[in-house]
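Taken in order, the sequence shown gives residues -18 to -1, 1 to 249; the numbers are from mature numbering (1 follows the signal peptide of the UniProt record, and there is no 0). Where is the CB? At the ideal position from N, CA and C, for every residue including glycine. All figures in this text were calculated on a predicted structure; none of them were measured in a lab.
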Amino acid sequence: MRLKIILALALTPCFVGAAPEQKHGIFWYETPPKNPTEITQDEYPKPVVPDAETLFKMHPKQIKKLLNDTLEYAVYALTPEATLDYYKVQDAMRRKSAAFTNLAGYVMLQKPGMNGAMDYPVTKPGNAVRAKQLDQQITNKIREGRDGYALLYFTQPNCPYCVQQSQILSNFKRETGWLIKEVDILRQPEAAAKFNVDRTPVTVLIKKGAGADDWMPVSVGIDSLSNLKGNLYRLIRQLNGEAAPQQFYMDESQTNGFFDPLADKKI
């Protein structure tokens, strides 16, 4: 009897310590904790790539999304099959882009009104004719404006830029016969204030016998002779009411044409 009691006391701690352990694990419906670094296939599924005909008919937004998905998956999976899927989608996008480019060329010839080649040629012979035409328009407009307009040239002593600009304006006066009045902003500060001039050199176009608001700066700083003529041409058209500010960079031949933003087009 004594031996049985001793055996019972010896075994009791083992049962007490082991019993709680038996309630942990799958047997007790406990899901093992997931490894945070473990990535399953379900988290990043393989994108479904349809056949070439279906791909070609898809909307560009759909193709763009699928292209991005297949690229990410190809980099993730690093298999030949996944990489091939990406290039299948890219091929569909390439073919759709090529089809649109071909259609654009076809439509531009079919609808000349939508083609800018007439107003802005891209061939060398066309550019030569265009340059000659524009130069003649500028020359004629400046010649016509000689009696109705004049230039105010604002300068000041110790202005190195003014020396260079004075030579350019002298060449312009010799070519066109325009009236150019030089104004020293230090000696005539009231004139500088009237035309909002606080630095030099600045050249201003004024309309003879017109209101106080009929003037515009035509050049600021050192300007080339060709650029000066181009600005004069455009500003004379503005002050004459021949063009709106939205048509500033247009010339006369482009009115109601491809580059006229105010043209009344009927396609």
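| Asked | Found |
| --- | --- |
| In DSSP terms, what Leu164 is bridged to | A quick correction: the sequence has Glu, not Leu, at residue 164. BP columns for Glu164 point to Tyr135. |
| Counted within 10 angstroms of its Cβ, other Cβ atoms place Gln147 as buried (16 or more) or exposed | buried |
| Through-space distance from Gln236 to Lys47, alpha-carbon basis | 42 Å |
| Neighbour-count burial assignment, Arg169, 16 or more Cβ in a 10 Å radius | exposed |
| C-alpha gap between Leu116 and Pro199, whole angstroms | 22 Å |
| According to DSSP, residues forming a beta bridge with Pro199 | Val186 |
| Residue burial classification, Gln118 (beta-carbon count within 10 angstroms, cutoff 16) | exposed |
| Through-space distance from Tyr55 to Pro45, alpha-carbon basis | Residue 45 is actually Ile in this sequence, not Pro. For Ile45 and Tyr55, the distance between alpha carbons rounds to 15 Å. |
| Sufficient close CB pairs (3 or more, under 8 Å) joining the segment 95 to 105 to the segment 142 to 156 | no |
| Residue interval of the alpha helix (DSSP H) (run including Ala226) | Ala226 -> no alpha helix (DSSP H), and no H or E assigned at all. |
| Distance between Leu161 and Lys190 (C-alpha atoms, nearest Å) | 11 Å |
| Pick from Phe82, Gly193, Ser206 that is closest to Val184, judged by C-alpha positions | Ser206 |
| Cut-off 6 Å between Cβ atoms - residues of its own chain near Ala173, not counting five sequence neighbours on either side | Val165 |
| Span separating the alpha-carbon of Arg128 from that of Val202 | 21 Å |
| For Arg156 and Glu224, the rounded distance between their alpha carbons | 27 Å |
| Contact check, Tyr135 vs Lys163, beta carbons under 8 Å | yes |
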